[in-house]
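Line by line, the protein sequences are chains C and R.
According to numbering that gives the first Met the number 0, the residues represented by the first sequence are 0 to 252, in order.
According to numbering that gives the first Met the number 0, the residues represented by the second sequence are 0 to 315, in order.
Here a beta-carbon is modelled for each residue, glycine too, at the ideal position from N, C-alpha and C.
Computed from a predicted structure; not experimentally measured.
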Amino acid sequence: MLKINNITKQFGGIKAVDDFSFRVKKGHIHSIIGPNGAGKTTLVNMITGVYKTDNGTIFLDGADITNISTDKLVHRGICRTFQNLEICENMTVLENVLLGFDKYMDKSLLKSCFRAKSILEDEIRYKDRAIHLLGLIGLEKVAHQKAENLSYGILKKLEIVRALGTSPELILLDEPVAGLNPKETKEVSDLIKTVVADEVTIVLVEHDMKMVMDISDYITVMNFGKKLAQGIPSEIVNNKDVIRAYLGNGVVC
Amino acid sequence: MLKRYNISQDIIVLAILLFIAPFFFQNDFIYEIAIVSLLNALICVGLNMLMGYAGQVSLGHGAFAGLGGYIAVILSSNYGISPLFSIFIAIVTMAIFAFIISKPILKLRGHYLAMATLGVGIIISIVLNVEDELTGGSDGMSVDSFSVFGYEFTDSLQWYILCAVLLIFTIWMFKNLINSPFGRVLKSIEGSQKAANSVGINVSHYKSVVFVISVVIATLAGSLYAFFSGFISPSEASFSHSIELVVMVVLGGLGRVYGAIIGAVILTILPQLLTSFEDYQTLIYGAIIIFVMMFMPKGIASLFDDIKRRLFAQNK
């Protein structure tokens, strides 16, 4: 589904992502792991059009999507969440989810100014769907609270739900459980499993190894911008290169 | 909440207040202050959409209002175009101007955006001062009377009604816009541009649109002011006028529908009330603003929230 060929991104003298290639199969949870600074977030930023690639190509279902801007990619079915929370704290929880449906909504000025019927009907329709999405994570009760009043864990889940509003085919999750407690982590992985059951493909960047090994269909390991290893979870756990990258070059007893 | 025309209680209250007010106006001077308040309020409604909802600051709206006013006045006085049509041309011209400058300027954020709008404002003000063949330079120029399809606006009450109706209508549209998906997009730009981008919103497009809307409203108010006062000078487009407008919006309450109006009315009336203090007028004016911002950092509009909350608390 997602095909990445030899992409490179250089910041000054440092190659954050260096001639990197991988493929993601449809309906898979494909995890990308690696030590801090390995270039995982840069990779996500390149796929989602935040950074321009210096070299290489990215294909989605056979179509070239290299260097297409983030907002246009959403219309092609790619959506993402952020490592550092990006929630509109000035809005309510429900409004944040409604924002996810934005690409389906009519925002023509004249119609908005005069409250055209179609705009009111849209609003009601998508409000129902937004509340349904909130139900997935049990947040209907706080729908009308300001997002700034809610805990970090809830907002992390809210970001994923907002992304679902765009009905994506591919979601890139950048460290969705960073900073969450085990209970919240479990809830997020359950949410991810439900999402995948709906034939959505997921690229997961995460440091929580238990979760990664638990839910991934396939794993790519990155180190210093290059691919270190790839395979199904059981292969990765036993890969000597991977162990060395994480634990250092000591004597293995 | 989703009623068809959304003519809510607060708009009716505003209309009643504006209708009753003239019965207390004893002379033309009070009318003049009232009309200037209404026109300032009009600009502030647009500026509030830009600053309070989309979170983009502009220190150039006085200059945009002034330039718009000049365009309308020059067209009608020098070229004999009817006032209404010259205002229309001024609006279209300023909309195009705003759209063009919005593209590079609104890429900037925070302090840098403030600096850029400030710069544009100062350039406009200099041009209006220097191009004296067209604008009459720092002496300003006199303006023909305002008429619409032969109906002349001469007396203050006519002007008052025109401005009041315009303000009510603008607020109604403003509220509709803010409560629509378009309004949500604006709020998301203030909340998190990355988030807005990640759900498919072309942030720079909507920033331009809201900027253009606010400049169009400023142009309308600026040109009406010129026709009303019968005179226009570069001081309308001065830096201090731009600052005054920003203070009105912030003092009234950023992101509050009525905050901008409250701020505009209070700050237009206040200097007049303080004239009896003579030399200390500016000092007291400044002290009041500091005092309000210290105790009501969310603006005067937040005062009404407190009152409402206390009333409800007592009822329970």
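{"Item": "Does the segment 54 to 62 of chain R come within contact of the segment 243 to 250 of chain R, defined as at least 3 CB pairs closer than 8 Å?", "Value": "yes"}
{"Item": "Could you tell me the alpha carbon to alpha carbon distance between Val119 of chain R and Ile70 of chain R, rounded to whole angstroms?", "Value": "17 Å"}
{"Item": "Which residues mark the beginning and the end of the alpha helix (DSSP H) in which Thr41 of chain C is found?", "Value": "39 to 46"}
{"Item": "Measuring alpha carbon to alpha carbon, tell me which residue in R:Ala220, R:Arg108, R:Ser237, R:Ala286 is nearest Leu38 of chain R.", "Value": "R:Ala220"}
{"Item": "Evaluate the contact criterion for the segment 79 to 98 of chain R versus the segment 205 to 219 of chain R: three or more CB pairs, one atom per stretch, below 8 Å.", "Value": "yes"}
{"Item": "Checking the sheet assignment: what are the DSSP bridge partners for Val255 of chain C?", "Value": "Here chain C comprises residues numbered 0 to 252, so residue 255 of chain C is not present and cannot be evaluated."}
{"Item": "Is Met0 of chain R helix, strand or coil by DSSP?", "Value": "In this prediction, Met0 of chain R has a pLDDT of 45, which is less than 50 and means its spatial position is unreliable; what the coordinates show is noted afterwards. Three-state DSSP puts Met0 of chain R in coil, outside helix and strand."}
{"Item": "Chain C beta carbons: is any one of them nearer than 8 Å to that of Ile200 of chain R?", "Value": "yes"}
{"Item": "For Glu94 of chain C, which of helix, strand or coil comes out of DSSP?", "Value": "helix"}
{"Item": "Helix, strand or coil: which one does DSSP assign to Ser57 of chain R?", "Value": "coil"}
{"Item": "Count the other C-beta atoms from every protein chain shown that fall within 10 angstroms of the C-beta of Asp304 of chain R, then say buried if there are 16 or more, exposed otherwise.", "Value": "exposed"}
{"Item": "Anything in chain R within Cβ reach of Ile64 of chain C, meaning under 7 Å, just list it in chain order.", "Value": "Near Ile64 of chain C there are no residues of chain R at all, since even the closest Cβ is about 14 Å away, more than 7 Å."}
{"Item": "Can you find a C-beta in chain C that's less than 8 Å from the C-beta of Asn324 of chain R?", "Value": "The requested residue 324 of chain R does not occur in the structure, where chain R is confined to residues 0 to 315."}
{"Item": "Please state whether DSSP places Tyr69 of chain R in a helix, a strand or coil.", "Value": "helix"}
{"Item": "Indicate whether the contact test is met: 3 or more Cβ pairs, each with one atom in the segment 101 to 108 of chain C and one in the segment 183 to 203 of chain R, closer than 8 Å.", "Value": "yes"}
{"Item": "Determine contact between the segment 249 to 260 of chain R and the segment 286 to 303 of chain R, defined as no fewer than three beta-carbon pairs at a distance below 8 Å.", "Value": "yes"}
{"Item": "From the DSSP output, in three-state form, read off Ile86 of chain R for me.", "Value": "helix"}
{"Item": "If I follow the unbroken beta strand (DSSP E) through Tyr150 of chain R, where does it start and stop?", "Value": "150 to 152"}
{"Item": "Can you tell me whether Ile80 of chain R is helix, strand or coil according to DSSP?", "Value": "coil"}
{"Item": "Please confirm whether Arg243 of chain C has its beta-carbon closer than 8 Å to some beta-carbon of chain R.", "Value": "no"}
{"Item": "Under a CB-based cut-off of 8 Å, is Val215 of chain R close to chain C?", "Value": "no"}
{"Item": "Just to confirm before moving on: does the CB-CB distance between Val73 of chain C and Val160 of chain C stay below 8 Å?", "Value": "no"}
{"Item": "How many whole angstroms separate the CB atoms of Val92 of chain C and Leu138 of chain C, which I take to be in contact at a CB cut-off of 8 Å?", "Value": "6 Å"}
{"Item": "For Leu1 of chain R, count neighbouring C-beta atoms within 10 Å of its own C-beta (all shown protein chains included) and say buried if the count is 16 or more, exposed if not.", "Value": "Note on Leu1 of chain R: pLDDT 49, under 50, position unreliable in the model; the coordinate value appears next. Looking at its Cβ environment, which holds fewer than 16 other Cβ atoms inside 10 Å, Leu1 of chain R is exposed."}
{"Item": "Is it the case that the segment 148 to 157 of chain C contacts the segment 108 to 115 of chain C, given that we only count it when at least three CB pairs across the two stretches are under 8 Å?", "Value": "no"}
{"Item": "In chain order, what residues of the same chain lie with their CB nearer than 6 Å to the CB of Ile67 of chain C, ignoring the 5 residues before and after it?", "Value": "Gly48"}
{"Item": "Can you find a CB in chain C that lies within less than 8 Å of the CB of Phe181 of chain R?", "Value": "yes"}
{"Item": "Got a sec, what are the start and stop residues for the beta strand (DSSP E) Ile77 of chain C sits in?", "Value": "77 to 79"}
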